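Structure follows, in structure tokens:
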């Protein structure tokens with residue numbers, strides 16, 4: 014089974030520029046998550062999708078971050094404009110979330126390492 | 002406010018020695034607790050969850066609700082256990098916060114021969 018795919022793997026931009034990350038979840042996984050992991054910290058949830066709807070975006074800095082999952086499969090996360098403090102690894106994860114069985118394991122992608130200069 | 006605390010940033014142990022990674026949490030209610038692991042140049046992956054009560058790769062973790070802790074233990078560390086370990090929590094299955102993981106800062110484990 015193919016895992017969660019993310020691209021690009023690395024990105025270097027200057028502050029005030031825009032950047033976009035792409036995620037392709039495991040086939041059949043309805044729930045998709047984006048996390049931000051700053052160096053020395055654990056991942057922090059930015060946004061959660063269930064199919065193509067947003068379940069939780071309470072920790073997404075909406076003045077500069079946006080995310081979409083138009084067809085309920087792939088997702089993109091955008092930062093516009095980027096700040097120095099956005100330098101981090103951006104992780105995408107997906108899960109089945111079967112309420113009946115309690116199955117909710119999240120499978121993570123390799124991440125995109127963003128450096129803002 | 003919910004919080005996960007891993008007090009040790011780095012844990013260095015000798016092969017064959019016991020290893021214990023500490024995790025304390027604060028949460029209003031009964032959370033689900035997890036340990037995730039990231040080996041060098043690999044993806045973050047689930048190691049174990051408290052509701053499964055399993056031993057994975059020789060690791061066990063017991064949820065102590067009184068002390069709000071979920072420490073990870075292994076009696077005999079192996080070199081292949083060297084990795085970054087994250088403790089995480091989410092709400093129970095019947096809550097809105099089910100699946101929304103909150104992670105600790107992580108503990109780097111180094112097992113030396």
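Residue numbers (our numbering), protein chains in the order written: chain A, 14 to 130; chain B, 2 to 114.
Cβ coordinates follow ideal geometry from the N, Cα and C atoms, glycine included.
Nothing here was measured: the structure is a model prediction, and the numbers come from that model.
Residue 48 (chain A) - containing beta strand (DSSP E), residue span: 44-50
Looking at the strands, I want to know which residues DSSP matches up with residue 72 (chain B). B:63
Residue nearest to residue 74 (chain A) in terms of C-alpha spacing, selected from A:63, A:110, A:47: A:47
So that I know if they touch, is there some Cβ in chain A lying closer than 8 Å to that of residue 100 (chain B)? yes
Within the same chain, show all residues whose beta-carbon is closer than 6 Å to that of residue 23 (chain A), passing over the 5 residues directly before and after it, in chain order. 126
Looking at residue 50 (chain A) and residue 106 (chain A), is the spacing between their C-beta atoms short of 8 Å? no
Would you list the one or two residues that DSSP bridges to residue 92 (chain B)? B:99
Chain B contacts from the segment 20-49 of chain A (Cβ-Cβ distance under 7 Å): 44
Using the C-alpha atoms, what's the distance from residue 54 (chain B) back to residue 20 (chain B)? 19 Å
Kindly identify the DSSP beta-bridge partner or partners of residue 57 (chain A). A:49
Show which residues of chain A have a CB atom less than 8 Å away from the CB atom of residue 47 (chain B). 118, 119
Which two residues bound the contiguous beta strand (DSSP E) that contains residue 20 (chain A)? 18-20
Of all the CB atoms in chain B, is at least one closer than 8 Å to the CB of residue 108 (chain A)? yes
By DSSP, does residue 34 (chain B) sit in helix, in strand, or in coil? strand
Mapping the DSSP letters down to three states, classify residue 11 (chain B) as helix, strand or coil. strand
Does residue 103 (chain B) pass the burial test, meaning 16 or more other C-beta atoms within 10 Å, or should it be called exposed? buried
Please confirm if residue 53 (chain A) has its CB atom under 8 Å from at least one CB of chain B. yes
Quick one: using the 10 Å Cβ neighbour count with 16 as the cut-off for buried, is residue 56 (chain B) buried or exposed? exposed
From the beta carbon of residue 87 (chain B), is the nearest beta carbon of chain A less than 8 Å away? yes
Once DSSP output is grouped into helix, strand and coil, what is the label at residue 21 (chain B)? strand
Residue 88 (chain A) beta carbon less than 8 Å from that of residue 5 (chain A): Since the first residue of chain A shown is 14 and the last is 130, residue 5 (chain A) is not available in this structure.
Distance cutoff 8 Å, beta carbons only. Does residue 74 (chain A) sit that close to anything in chain B? no
Taking its Cβ as the centre, do 16 or more other Cβ atoms sit within 10 Å of residue 76 (chain A), making it buried, or is it exposed? exposed
Three-state secondary structure (DSSP) of residue 99 (chain A): helix
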